[in-house]
Structure formats: structure tokens, C-alpha cells
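Numbering (the numbering used here), first residue to last: 840 to 1078.
For glycine and all other residues, C-beta sits at the position ideal for the given N, C-alpha and C.
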């Protein structure tokens, strides 16, 4: 793809951010395609193959790392063409035609992001979740609480993940918004980690569970030692 094609691909993910952040997302997604999906979340391979690997697997990460400026110039060109809109309050960029978002008109959205904070995955997640919630006309207060909860879950998935790619699944079922985040972890002795002070028994592995418990109606955390992964589940009533 050329620079415009890569920017269009990222913007169709239903995200928004500044030019530098969007360029980082291009690099993040290309690297994800090259790294591949961890075997312990292989049930999402079809989604990953269709949404990331097939489209970006042949892209040259080194080239685009050295040419981020071309990506940012492509954003400027798409603004002039009115393909990208600028949204307040932070003058961020978003695809103008919301019907082109990959989740438009859907109740379920599954996507992948990175465990590298330098790639700005938290903003990728927050903006995508915000646009998903707004598309479904959730109240501003409910959307804000969902975004706070999602951010806490994502921060911990990133903190404890030992693989580059992890999966985020959210959906609306009836009167409930549901979150599922799955990340890989190394084989550790949890009790030993607790004793060494890395984890607190009160939060059962994930920092921020107390915050999420106040905002969500249900949450659960499951550590699968056989698959070497951690799954976070959360439910919030929206009606």
C-alpha cells in the first residue's frame, strides 16, 4: 500500500488521534502482522488473518519507520479531500465517513493491539471504544465509565503481557456492554510473585480492579496456567 492506503486502513478501524499517533498505529499494525498471533489465543486467528495479516503482512516495517513523515503528509491530503475530519477538543483526526468504520452497524467488535506503550495502544483502544459507544448512542456518562474501565483493563493486559499482540473483544448484548481482554503471560508462580510484592492479593493480579469494580456491574479475572494467558471479563448495564 502507499501512504494514503495505510492511513485509510488505520482510520477504518474507527479510531482518532493526532498525526504522530496515527503514524505510530500504522507501524504498530504492520509489526503485529509480522509478529503474528500467539498460539494461546489461536481461536481468534481467522479475525487476525482477515483484519491484519492479509492486508499488512507484506508491508516493509523498516521503510515506513524511516518515512513516518509520508504518513503524516497523507493525513493532510485526506483532510483537504474531506476524507478525514478534525474533531474537538484536541484537534484529532477521524475518518469523515463513519459508515466505513469496520464495526459500523455491528453490535460486536473484535480487534488486536500491541503490548508496547510506545505504539500508543491505549489511545487506539480508548478512541475505538468511544466511537463504538457513541455509534450505539450510549450516554456520555456511561461511555466515560466504560472508557475508564477499558483503560484499566488494557493497562494491565499490556503490563503483564509477554507477547506483542493481544486481543480485545467488546460488544453490546441487549442492555449490557461486555468487555473481554486476553493477553499472554509467562509461566510464573503467582504466590511467589505476591510474596515479592509484585502483585497485591486484593486486586488479584490486575491493578485497577477496585476502580473497575465501582464502574462495572460484573467483572472477573481468569488466569489459565495451561494456556499461559489471562482473560479479563467485564459487564456494564447500559439500560
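- Annotation: residue 929 to residue 914 spans about 16 angstroms, alpha carbon to alpha carbon.
- Runs of the alpha helix (DSSP H) lying entirely within the stretch 881-958, each at least 4 residues long, are 884-887, 900-905 and 907-919 in chain order.
- Residue 1049 and residue 988 have their alpha carbons spaced roughly 10 angstroms apart.
- When secondary structure is reduced to three states using DSSP, residue 1055 falls in the coil class, being assigned neither helix nor strand.
- A direct Cα-Cα distance of roughly 13 angstroms separates residue 964 from residue 983.
- The three-state reading of DSSP puts residue 1012 in strand, counting E and B together.
- The DSSP-derived three-state label of residue 1066 is coil.
- A residue is called buried when at least 16 other Cβ atoms come within 10 angstroms of its Cβ; residue 885 does not meet this threshold and is exposed.
- Taking the CA atoms as reference points, residue 1065 sits about 34 angstroms from residue 853.
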